[in-house]
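Under my numbering, think of the first position of the sequence shown as 165, with each following residue one higher.
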Amino acid sequence: MSDLTNPYGVDRANQGGYGQQDAYGAQSAYGSQASYGGAPPYGAGQPPYGAGPGMPGYGQPAYGSFGYALNPAVERVRSNASMVRIMAFISFVTIGPILSIGAWVWGAMLVSEAQGLNAPMDVMNDVSGARKTAMICSIIQIVGIVLLIIFSVVFPFLLLALLGEADY
Numbered sequence: 165m166s167d168l169t170n171p172y173g174v175d176r177a178n179q180g181g182y183g184q185q186d187a188y189g190a191q192s193a194y195g196s197q198a199s200y201g202g203a204p205p206y207g208a209g210q211p212p213y214g215a216g217p218g219m220p221g222y223g224q225p226a227y228g229s230f231g232y233a234l235n236p237a238v239e240r241v242r243s244n245a246s247m248v249r250i251m252a253f254i255s256f257v258t259i260g261p262i263l264s265i266g267a268w269v270w271g272a273m274l275v276s277e278a279q280g281l282n283a284p285m286d287v288m289n290d291v292s293g294a295r296k297t298a299m300i301c302s303i304i305q306i307v308g309i310v311l312l313i314i315f316s317v318v319f320p321f322l323l324l325a326l327l328g329e330a331d332y
């Protein structure tokens, strides 16, 4: 289409004024009406894929900006943040704090890497959320292990010491 001011092919100069239209049901002669959208004549070729009036061609950035292009390094960081979160949750049913502390360290490394890449805010929030999840999981597991040791080792000795002093 070459005429951007007249995209539908209607000649406004010969159209007539307001209220001056053809009678109801009257049709113009065959071939005199412009086609909808001003399609090229038969045999003129086809526009590239995705190219239409006002649309970029295939592979061109949408809306004329490169802001929608994905940075593979940032997407890798986002994917690794999901893995950190999964590792933290799996640590509850497997080897415990060893896995969650490893996820915590990996999450901290991902935060610094995302800051170095100037990642968008949603990626930064995702990475820091994964690190916090790993941190919370490891703290819960460490506190659980400490409480288990206290109640299984220290508490019986304390109970025996209290009962030993009571002369029954």
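Using N, Cα and C, we set each Cβ at its ideal position, and we do this for glycine too. Just so we're clear, the structure is a prediction, and the values are computed from it rather than from any experiment.
Alpha helix (DSSP H) runs wholly inside the region 262-290, at least 4 long, in chain order: DSSP runs (the alpha helix (DSSP H)) wholly in the region 262-290: none.
N-terminal and C-terminal residue of the alpha helix (DSSP H) that Ser243 is part of: Working through the sequence shown from its first residue, we reach residue 243 at position 79. Run containing Ser243: Pro236 to Ile254, per the alpha helix (DSSP H) assignment.
Three-state secondary structure assigned by DSSP to Val307: As a first step, residue 307 is located in the sequence shown; it is residue number 143 there, counting from the start. Reduced to three states, the DSSP call for Val307 is helix.
Nearest to Ile259 (by Cα), restricted to the options Gly271, Asn235 and Cys301: In the sequence shown, counting from the first residue as 1, residue 259 sits at position 95. For Ile259, the nearest C-alpha among the options comes from Cys301.
Coarse secondary structure for Val257, derived from DSSP in three states: For the purposes of this step, residue 257 is taken as the residue at position 93 of the sequence shown. Val257: coil per DSSP, three-state reduction.
Among Pro284, Phe256, Trp268 and Ile262, nearest to Ala237 - alpha-carbon criterion: Here residue 237 refers to the residue found at position 73 when the sequence shown is read from its first residue. Looking at the Cα atoms, Pro284 is the closest of the given residues.
Proximity test, Ser243 beta-carbon vs the ligand FAD heavy atom, cut-off 8 Å: As presented, the structure is devoid of all ligands, the ligand FAD included, so that no description of it is given.
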